[in-house]
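Accompanying notes for the structure given below.
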Amino acid sequence: LPPAVIAPSILSADFARLGEEVRAVVDAGADWIHFDVMDNHYVPNLTIGPMVCAAIRPHVQVPIDVHLMVEPVDALIPEFAKAGANMITFHPDASRHVDRTLALIRDHGCKAGLVFNPAMPLDWMDHVMDKLDMILLMSVNPGFGGQGFLPSALPKLRAARARIDAWTAEGGQPIRLEVDGGVKVDNIAEIRAAGADAFVAGSAIFGKPDYRGVIDAMRQQIAQ
Ligand code: DX5
Ligand code: ZN
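Just so you know, the working numbering puts 173 at position 188 of the sequence shown, and the rest follows in order with no gaps.
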């Protein structure tokens, strides 16, 4: 497996002190910042957009991993690219033309990925493998932090890992396999064993006073 990436979700950070929060979590060892964009339409919650991404951008050097839970998708892509996003993922059922949206993300210089809700079959990736830099599997229904990890995500991760490995074995580009929702110190080892190589964690990290303690404990669980 590729080296593991820990991507704290700022959905659970203190929004009144976001600059300090992203700096603190990067100082604590975060590899990426996961940035959850919710529109009260695709998901029943409302969060942050490109202006907030641009505001945190100067505070950290690490990649910003933008997870779009919005419908429609396309108009936000140039905005997030301008705001300093490094990766942009979207839910394929929120875009009328999935192939075009993936190409649009890459044309704007960002890594592109599809997000799979718990009930969405992996077949959605079949004809766009060459345009994917990452795949994000939801292990909760999107919209809120602090939900419990759905065990159905484990066999799905194994299936996605098998597809990615088959693709790269045939000479395809590398594709990251990210997981989002309910990731904790006490379940990250089995999630890693199922094939994930990037781990989003919101409440597990920002819900505790010692960010470094949690991130170190997570890395220790998935070492070897
Ligand atoms: C949920 C978001 C997640 C969320 C995860 O819709 O996409 O990124 O912040 O939060 P936890 O880790 O608390 O489940
Ligand atoms: Zn997310």
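Just so it is clear, CB atoms sit at the ideal spot from N, CA and C, and this is done for glycine as well. Here the structure is a predicted model, which means the values were calculated and not measured.
| Asked | Found |
| --- | --- |
| Supposed close pair G128, V28 - CB separation, criterion 8 Å | 4 Å |
| Proximity of A66 and C95 at Cβ, strictly below 8 Å | yes |
| Beta carbon shell of the ligand ZN at less than 6 Å from a heavy atom | S(-6), H19, D21, H52, D165, V185 |
| Spatial distance of L53 from A147 (CA atoms) | 25 Å |
| Among Q158, I176, P159, the one whose alpha carbon lies nearest that of G166 | I176 |
| Simplified DSSP assignment, three categories, for I120 | strand |
| Through-space distance from L31 to N25, alpha-carbon basis | 5 Å |
| K67 - containing alpha helix (DSSP H), residue span | 61 to 67 |
| Sub-8 Å separation of A68 and A97 beta-carbons | no |
| Alpha-carbon spacing of G157 relative to N126, whole angstroms | 30 Å |
| Span of the beta strand (DSSP E), counted from its first residue to its last, around D50 | 49 to 54 |
| Cβ shell of P35 (< 6 Å), same chain only, five flanking positions each side left out | E64, F65, A68 |
| Selection from E56, L142, D(-1) that minimises the alpha carbon distance to V161 | Position check: residue 161 holds Arg in this sequence, whereas Val was assumed. The candidate whose alpha carbon is nearest that of R161 is L142. |
| C-alpha distance - P48 paired with N71, whole-angstrom precision | 5 Å |
| Whole-angstrom C-beta distance between I200 and A1, which should lie under 8 Å | Between I200 and A1 the Cβ distance is about 23 Å, and since that is not below 8 Å, they are no contact. |
| Segment limits, alpha helix (DSSP H) that includes T86 | 83 to 92 |
| Reduced DSSP category for G167 - H, G, I as helix; E, B as strand; rest coil | coil |
| CB of V113 within 8 Å of CB of V83, strictly | yes |
| Beta-ladder partner(s) of S(-6), from DSSP | H19 |
| Classification of P77 by the beta-carbon crowding that lies within 10 angstroms, buried from 16 upward | buried |
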